[in-house]
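The structure appears right after this line, and notes come after that.
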Ligand code: URA
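Numbering (our numbering), first residue to last: 3 to 273.
This is the structure we're talking about:
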């Protein structure tokens, strides 16, 4: 039987595994995953120091993580194959237990905007403001995005905005590949349900995830690419800079502006 100390240690290890590296509330609370099989499990054995002799244990943990990711990914895909509306999908994401990020997030941040939009904007992951409010792009990046949308005659009622991940990575750390892999079916299902003509990715990671490529944003941006929806039809995809990057690097705003004009031109083409 586990002692109280070892189970506490297990919870802390689980949090570290989930990427928690900051204190976000005055009172401590612990929230263990309900569906342990879908999460990287942590050995009940006492923690040992990492020595070369531990390598098999590390390898075992890595294999477990890969298997947990695969299981969670399959669960996400199975769920997506059954839902037929955005509301059902939202509920399914809110009750999904296969991504550890949910345990540390305040809200599930599902997509927002017009479900009949012709264009879907895809960011990376909620930040602190989005996590607090539960809506994508409502912080500083969101304000800049709103201005850029307005400049080409769009607003949140005429487009749809979502992220690869519906949960904030603790401390805004970069999402893990495993987190992106598990949540990607939900993003793709949102796109299938909205069925847009155009996808505008905000930053390289959403273009990489949707196009399954590792190409850098600087090589991808500025030209139309093709995204294939699950029914085989395609949407034109434009990869552009993330607003957070533009806030840090205002000199790149002109390139982003050119991308927004490219989108506007396509949206206004007579069919
Ligand atoms: N950055 C993102 O990628 N998405 C948000 O919703 C907010 C900031």
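Each residue gets a CB set at the ideal place from its N, CA and C atoms; glycine is no exception.
The structure displayed is predicted, hence computed values, not measured ones.
Exercise for review: Drop a sphere of 10 angstroms on the beta-carbon of residue 104, count the other beta-carbons inside from all chains shown, and report buried for 16 or more, exposed for fewer.
Suggested key: buried
Point to revise | Element boundaries [alpha helix (DSSP H), containing residue 167] | key: Note, residue 167: premise wrong, no alpha helix (DSSP H); not H, not E.
Practice item. Would you kindly report the start and end of the unbroken beta strand (DSSP E) that includes residue 104? Key: Here residue 104 belongs to no beta strand (DSSP E); instead the alpha helix (DSSP H) covers 103-106.
Practice item. May I ask you to check if the CB of residue 361 is nearer than 7 angstroms to at least one heavy atom of the ligand URA? Key: Residue 361 lies beyond the range of the chain shown here (3 to 273); nothing can be said about it.
Check your understanding: Would you report the Cα separation of residue 259 and residue 243, rounded to the nearest angstrom?
Key -> 10 angstroms
Review point. Taking 7 angstroms as the cut-off, is the CB of residue 127 close to at least one heavy atom of the ligand URA?
Key: yes
Point to revise | Continuous alpha helix (DSSP H) assignments of at least 4 residues falling wholly in the region 159-230 | key: 179-196, 206-213 and 219-222
Check your understanding: Is it the case that the CB of residue 117 approaches a heavy atom of the ligand URA more closely than 7 angstroms?
Key -> no
Check your understanding: In its own chain, which residues sit with a C-beta less than 7 angstroms from the C-beta of residue 265, not counting the 5 before and 5 after it?
Key -> 121, 154, 200, 202 and 240
**Study point:** Cβ shell of residue 85 (< 6 angstroms), same chain only, five flanking positions each side left out
**Key:** 91 and 94
Practice item. Leaving aside the five residues before and after residue 97 along the sequence, list all residues of the same chain whose C-beta is less than 8 angstroms from its C-beta, in chain order. Key: none
Practice item. Would you kindly report the start and end of the unbroken beta strand (DSSP E) that includes residue 241? Key: 236-242
Check your understanding: My guess is that residue 159 and residue 116 are in contact by the Cβ rule of under 8 angstroms, so how many angstroms apart are they, rounded?
Key -> 6 angstroms
**Study point:** Three-way DSSP call (helix, strand, coil) for residue 255 in this model
**Key:** helix
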